[in-house]
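Asks: Top line first, the protein sequences correspond to chains B and G. Numbered per the numbering used here, the first sequence spans residues 1 to 413. Numbered per the numbering used here, the second sequence spans residues 1 to 413. Ideal Cβ placement from N, Cα and C applies to all residues, glycine included.
There are 2 protein chains.
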Amino acid sequence: MSLIVQKFGGTSVGDTDRIGMVADKVAGFRAQGHSVVVVVSAMSGETNRLIELAHSVQERPVLRELDVLLSTGEQVTTALLSMALSKRGVKAKSYTGSQVRILTDDAHTKARIREIDDERLHRDLADGYVIVVAGFQGVDENGNITTLGRGGSDTTAVALAAALKADECQIYTDVDGVYTTDPRVVSEARRLSRITFEEMLEMASMGSKVLQIRSVEFAGKYNVPLRVLHSFKDGPGTLITMEDDSEMEMPTIAGIAFNRDEAKLTIEGVPDMPGMAYSILGPIGEANIEVDVIVQNISHDKTADFTFTVGRNDLERAEEVLNQVAKDINAEKVTSDSKIAKVSVVGVGMRSHAGVASQMFAALAEVGINILMITTSEIKISVIIEEKFLELAVRALHSSFGLEKEPNDEGAA
Amino acid sequence: MSLIVQKFGGTSVGDTDRIGMVADKVAGFRAQGHSVVVVVSAMSGETNRLIELAHSVQERPVLRELDVLLSTGEQVTTALLSMALSKRGVKAKSYTGSQVRILTDDAHTKARIREIDDERLHRDLADGYVIVVAGFQGVDENGNITTLGRGGSDTTAVALAAALKADECQIYTDVDGVYTTDPRVVSEARRLSRITFEEMLEMASMGSKVLQIRSVEFAGKYNVPLRVLHSFKDGPGTLITMEDDSEMEMPTIAGIAFNRDEAKLTIEGVPDMPGMAYSILGPIGEANIEVDVIVQNISHDKTADFTFTVGRNDLERAEEVLNQVAKDINAEKVTSDSKIAKVSVVGVGMRSHAGVASQMFAALAEVGINILMITTSEIKISVIIEEKFLELAVRALHSSFGLEKEPNDEGAA
């Protein structure tokens, strides 16, 4: 008899038939004696419909009112799912964010959760109710409706699981778990039965869209076991937990992540002097452009080359800023390249296993791929390569680290 | 500088263009320096859409959840109207029923308002905000969302006006006021510039659909001046107020109301004895059928005829009940007639003016209409006639009481 928080996204509750299927699933857990809290998103398409309505009234809608508007989407789903459960003989009660009292700050459309009142929920759970909570929304201390921004429903689920000290937080999606890499690129990609929060964070930030980064951070912070499952297929999914020190079998590498959303900028012939990096990246930061990988070439004849990557959408603006910077600091010229990709190997095991980087570089060299930039963290090594080599690189790395095999079958890694 | 509560129904906010037009109107009142609280319904069609969703999930939706679902309709409108106002440079803030704290009982889908917290509203009004409140909804003392049932937005507006001690509660509709009778029947029908609550109640209960009875009762109880106006045409509308004793010009008759929704049942040859009326109407009441006009004929040869009207929808059921009653009390037979209509003259003036009844009967006799039943109250005389004579009767009465003329122009009445 566990307490489980389950989150179903917009596609899973996309129409009333699907809401019925979700109700069947929830009813199954109840029948097994579990206490269940369900967090739901707006029915797919509904949030966009509401946003269009808002924009047809006001070009840049007042954010307070946008939250009032958008929060109705999830509220509708909670009512319908509660009805569907009740139709199946399962006692259920819907809650809006403010009814739970999911207290947030007052940053409309991107509010942060501060505190959750769990008293009433515990009472209803004790009374045998399934609790259906509107995801993505909360209330500030003045009673104004707030929303949590993208992926907010995942965050709601994790925050509720933390507040209620749930045994597990299950995120139902359209994939049956987290994979070693994108199965569309590597057909041998394998579903991971477990991954650590840190690895999941790296995978997520690298373009694995299964979970929103914020909810993984949150789950890690409060140590809420998180499980990714398919909404309509049975299966164990992927469990995301803390690293277990006792576990000897933890594989070195969890997976290969990649993304094509970056572009590379180089400012060449920069006079080598203290403060150079700041004089270049300061104006970029002021323009609200996020920088990812940064490399400063070893200076020769008293000038240096400075290369960094930004989101592809920001390339044009970044170039403008950088051209001005080049003039100001007497640099030679600015070049850019948007035909690049980033590939990363991710795994907490590399903390204790040497040789991952050299294995990575060797695997890429073997298939003739030139590495343009390198950046590392404790549990991740990323390389920037030409975009056309992306799939080749991912396959080579997946195979080199033996990710298609279950960790237990592995000889050495 | 007055405090005005304005209510706009579903058609008035039917799409974003119309919401813009409403915003223009509200902005106009603000520009004149008035404080404004706006109560809105769901955009037309939205409530039906939500009800259909509910029914596609559960045949008889749980009422608590139906309220959660339906209340989103008005919430959407409040957000959009607030945006439209803000676009016009008017500070505005939306409120749900629970944000205001419109406290109701817990009778889901037909809750009654108990109390309104006006503190926060007064603060926002003082800060120069237009307040946009979701009509039709409230919250019970356990924080559950409730709805007020049909015409609930009118009730919300009147209740807010009472709580805030507003100078006027304006109900915007698709007609430009209350008329002496239906202009589709009498082309000379005239808009009344004033009518009393009691008269309005009688007019409303007789089929004048301009305002919901409950909101008029409420306005009368708390003496909130109520004005009916057209949403998109300028004009003074009709003011509904207390009877003003000082006013000499109050016309005898305010208007002619009528409806075709009734049917007549007669139980003939009832043995004349004490308790007869109860033995007939008791079972009808138990079957939840409402009875309107009741007439008991003078008994002859120790039996009586007992006639009453019910809603046409209830006729079949009422006949079944009555046939059983006839057997039980040894009555002769039961007959029914659904081709009847009720016509009423309504006016507080008849309290102090004699001769209204005889003038009414004379007018009907003059055009050859036979009166089937008569019933009177202090401010109303109703007759049941054959349905085919309805229009003729209304026209004859309208003309006989000179309703096409402004009261001031009247000689005698």
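For the beta strand (DSSP E) that Gly255 (chain G) lies in, which residues bound it at each end?
Replies: For the purposes of this step, residue 255 (chain G) is taken as the residue at position 255 of the second sequence. Counting along the chain, the beta strand (DSSP E) containing Gly255 (chain G) begins and ends at Gly255 to Asn259.
Asks: Using only alpha-carbon positions, find the residue among G:Ser71, G:Val139, G:Val39 and G:Met43 that is nearest to Ala54 (chain G).
Replies: Within the second sequence, numbered from 1, the residue matching residue 54 (chain G) stands at position 54. Ranking the options by Cα distance to Ala54 (chain G), first place goes to G:Ser71.
Asks: For Val210 (chain G), which of G:Glu188, G:Gly177 and G:Gly235 has the nearest alpha-carbon?
Replies: Sequence index remark: in the second sequence, residue 210 (chain G) carries index 210 (1-based). The option with the nearest alpha carbon to Val210 (chain G) is G:Gly177.
Asks: Closest to Asp43 (chain B) by C-alpha separation, out of B:Ala92, B:Ala341 and B:Asp17, would be which residue?
Replies: Taking the first sequence and counting its residues from 1, the one referred to as residue 43 (chain B) is at position 43. Note that residue 43 (chain B) is Met in the sequence shown here, rather than Asp. Of the listed residues, the one whose Cα sits closest to Met43 (chain B) is B:Asp17.
Asks: Counting along the chain, where does the alpha helix (DSSP H) carrying Met83 (chain B) start and finish?
Replies: The residue labelled residue 83 (chain B) in the question sits at position 83 within the first sequence. Residues Leu63 to Lys87.
Asks: Which value, in whole angstroms, describes the spacing of the CA atoms of Asp182 (chain B) and Val57 (chain G)?
Replies: Reading the first sequence from its first residue, position 182 is the one you call residue 182 (chain B). Reading the second sequence from its first residue, position 57 is the one you call residue 57 (chain G). In a straight line, the C-alpha of Asp182 (chain B) is about 36 Å away from that of Val57 (chain G).
Asks: Could you tell me which chain B residues have their CB closer than 8 Å to the CB of Leu53 (chain G), listed as they occur along the chain?
Replies: Residue numbering aside, residue 53 (chain G) sits at position 53 when the second sequence is read from its first letter. Chain B residues near Leu53 (chain G): Thr16, Val76 and Leu80.
Asks: Would you mind telling me which residues of chain G sit closer than 8 Å to Ile19 (chain B), beta carbon to beta carbon, in chain order?
Replies: Within the first sequence, the letter at position 19 stands for residue 19 (chain B). The contacting residues are Val57.
Asks: Locate the beta strand (DSSP E) running through Lys333 (chain B), then write down its first and last residues.
Replies: The residue given as residue 333 (chain B) occupies position 333 in the first sequence. From DSSP, the beta strand (DSSP E) with Lys333 (chain B) extends over Lys333 to Asp337.
Asks: How long is the line joining the alpha carbons of Leu415 (chain B) and Val132 (chain B), rounded to whole angstroms?
Replies: Examination of residue 415 (chain B) is not possible in this model, given that chain B is present from 1 through 413 alone.
Asks: As a quick exercise: from B:Lys333, B:Glu332, B:Leu364 and B:Asp328, pick the residue whose alpha carbon is nearest that of Val345 (chain B).
Replies: Here residue 345 (chain B) is taken as the residue at index 345 of the first sequence, counted from 1. Per the Cα distances, B:Leu364.
Asks: Rounded to whole angstroms, what is the Cα-Cα separation between Arg395 (chain G) and Val185 (chain G)?
Replies: For the purposes of this step, residue 395 (chain G) is taken as the residue at position 395 of the second sequence. For the purposes of this step, residue 185 (chain G) is taken as the residue at position 185 of the second sequence. Computed Cα separation, rounded: 7 Å.
Asks: In terms of residue numbering, what span does the alpha helix (DSSP H) encompassing Ile284 (chain B) cover?
Replies: Taking the first sequence and counting its residues from 1, one reaches residue 284 (chain B) at position 284. Here the alpha helix (DSSP H) through Ile284 (chain B) covers Met276 to Glu286.
Asks: Roughly how far, in whole angstroms, is the beta-carbon of Val293 (chain B) from the beta-carbon of Thr309 (chain B), given that I think they are within contact range, below 8 Å?
Replies: On the first sequence, residue 293 (chain B) is found 293 positions in, with the first residue counted as 1. On the first sequence, residue 309 (chain B) is found 309 positions in, with the first residue counted as 1. So it is a contact: roughly 5 Å between Cβ atoms.
Asks: In chain G, what lies closer than 8 Å to Ala84 (chain B) by C-beta?
Replies: If you number the first sequence from 1, residue 84 (chain B) lands on position 84. Ordered by position in chain G, the residues that pass the 8 Å Cβ test against Ala84 (chain B) are Val57 and Gln58.
Asks: Could you give the first and the last residue of the continuous alpha helix (DSSP H) run that contains Ala126 (chain B)?
Replies: Counting from one through the first sequence, the residue named residue 126 (chain B) turns up at place 126. Taken as a continuous stretch (DSSP letters only), the alpha helix (DSSP H) holding Ala126 (chain B) covers Glu119 to Ala126.
Asks: Closer than 8 Å, CB to CB, is Lys25 (chain G) near chain B or not?
Replies: Taking the first residue of the second sequence as position 1, residue 25 (chain G) is located at position 25. So no, Lys25 (chain G) is outside the interface.
Asks: Along the chain, where does the alpha helix (DSSP H) that runs through Ser56 (chain G) open and close?
Replies: Locating residue 56 (chain G) in the second sequence gives position 56, counting from the first residue. Looking at the DSSP string, the run of the alpha helix (DSSP H) that includes Ser56 (chain G) is Glu46 to Val57.
Asks: Taking just the CA atoms, how far does Asn48 (chain G) sit from Ile240 (chain G)?
Replies: One-based indexing of the second sequence puts residue 240 (chain G) at position 240. One-based indexing of the second sequence puts residue 48 (chain G) at position 48. Distance between the alpha carbons of Ile240 (chain G) and Asn48 (chain G) is about 31 Å.
Asks: Taking only beta carbons into account, state which residues of the segment 139-157 of chain B come closer than 7 Å to chain G, listed in chain order.
Replies: Result list: Gly143.
Asks: Under three-state DSSP, which class holds Thr180 (chain G)?
Replies: What you label residue 180 (chain G) is simply residue 180 of the second sequence in a count that begins at 1. It is coil, neither helix nor strand.
Asks: Would you report the Cα separation of Lys339 (chain G) and His108 (chain G), rounded to the nearest angstrom?
Replies: Residue numbering aside, residue 339 (chain G) sits at position 339 when the second sequence is read from its first letter. Residue numbering aside, residue 108 (chain G) sits at position 108 when the second sequence is read from its first letter. Rounded to the nearest angstrom, the two C-alpha atoms are 37 Å apart.
Asks: Helix, strand or coil for Ser400 (chain G), going by three-state DSSP, please let me know.
Replies: Locating residue 400 (chain G) in the second sequence gives position 400, where the first residue counts as 1. If DSSP states are grouped into helix, strand and coil, Ser400 (chain G) belongs with the helices.
Asks: So with Cβ pairs under 8 Å, would you call Lys110 (chain G) a contact of chain B?
Replies: Here residue 110 (chain G) refers to the residue found at position 110 when the second sequence is read from its first residue. By this cut-off, Lys110 (chain G) is not an interface position.
Asks: For Lys327 (chain G) and Ala341 (chain G), what's the separation of their Cα atoms in angstroms?
Replies: For the purposes of this step, residue 327 (chain G) is taken as residue 327 along the second sequence, with counting starting at 1. For the purposes of this step, residue 341 (chain G) is taken as residue 341 along the second sequence, with counting starting at 1. Each residue's alpha carbon lies about 29 Å from the other.
Asks: For the pair the segment 94-111 of chain B and the segment 125-139 of chain B, tell me if three or more CB-CB distances fall below 8 Å.
Replies: Yes, they touch.
Asks: For the pair the segment 216-230 of chain G and the segment 148-168 of chain G, tell me if three or more CB-CB distances fall below 8 Å.
Replies: Counting Cβ pairs under 8 Å, three or more are found: they touch.
Asks: For Leu392 (chain G), I'd like the list of residues in its chain whose CB is within less than 7 Å of its CB, leaving aside the five on either flank, ordered along the chain.
Replies: Position 392 of the second sequence, counted from the first residue, corresponds to residue 392 (chain G). Closer than 7 Å at the Cβ level, and outside the excluded window around Leu392 (chain G), lie Val367 and Ile369.
Asks: Report yes if the CB atom of Leu229 (chain G) is closer than 8 Å to the CB atom of Gly237 (chain G), and no otherwise.
Replies: Against the second sequence, residue 229 (chain G) aligns to sequence position 229. Against the second sequence, residue 237 (chain G) aligns to sequence position 237. It is a contact, given that the beta carbons lie within the stated cut-off.
Asks: Taking only three categories from DSSP, how would you classify Ala412 (chain G)?
Replies: Along the second sequence, one-based indexing puts residue 412 (chain G) at 412. Per-residue confidence for Ala412 (chain G) stands at a pLDDT of 39, beneath the threshold of 50, marking its modelled position as unreliable; the derived number appears in the next sentence. Here Ala412 (chain G) sits in coil by DSSP.
Asks: Taking 6 Å as the limit between beta carbons, can you name the residues of its chain near Asp404 (chain G), skipping five residues before and five after?
Replies: As a position in the second sequence, residue 404 (chain G) is number 404, starting the count at 1. Looking at the sequence provided, one finds Glu at residue 404 (chain G) rather than Asp. The residues are Glu188 and Arg190.
Asks: If we count the other Cβ atoms within 10 Å of its Cβ and call it buried at 16 or more, is Gln324 (chain B) buried or exposed?
Replies: As a working note, residue 324 (chain B) is residue 324 in the first sequence. Exposed: under 16 other Cβ atoms inside 10 Å.
Asks: In the structure shown, what three-state DSSP assignment does Ala162 (chain B) receive?
Replies: Translated into positions along the first sequence, residue 162 (chain B) becomes position 162. Residue state, collapsed to three classes: helix.
Asks: Tell me the DSSP bridge mates of Ser35 (chain B)?
Replies: By 1-based counting over the first sequence, the position of residue 35 (chain B) is 35. Ser35 (chain B) is bridged to B:Leu3.
Asks: Kindly indicate which three-state DSSP category Ile102 (chain B) falls into: helix, strand or coil?
Replies: Numbered from 1 along the first sequence, position 102 holds the residue referred to as residue 102 (chain B). Looking at Ile102 (chain B) - three-state DSSP - the assignment turns out to be strand.
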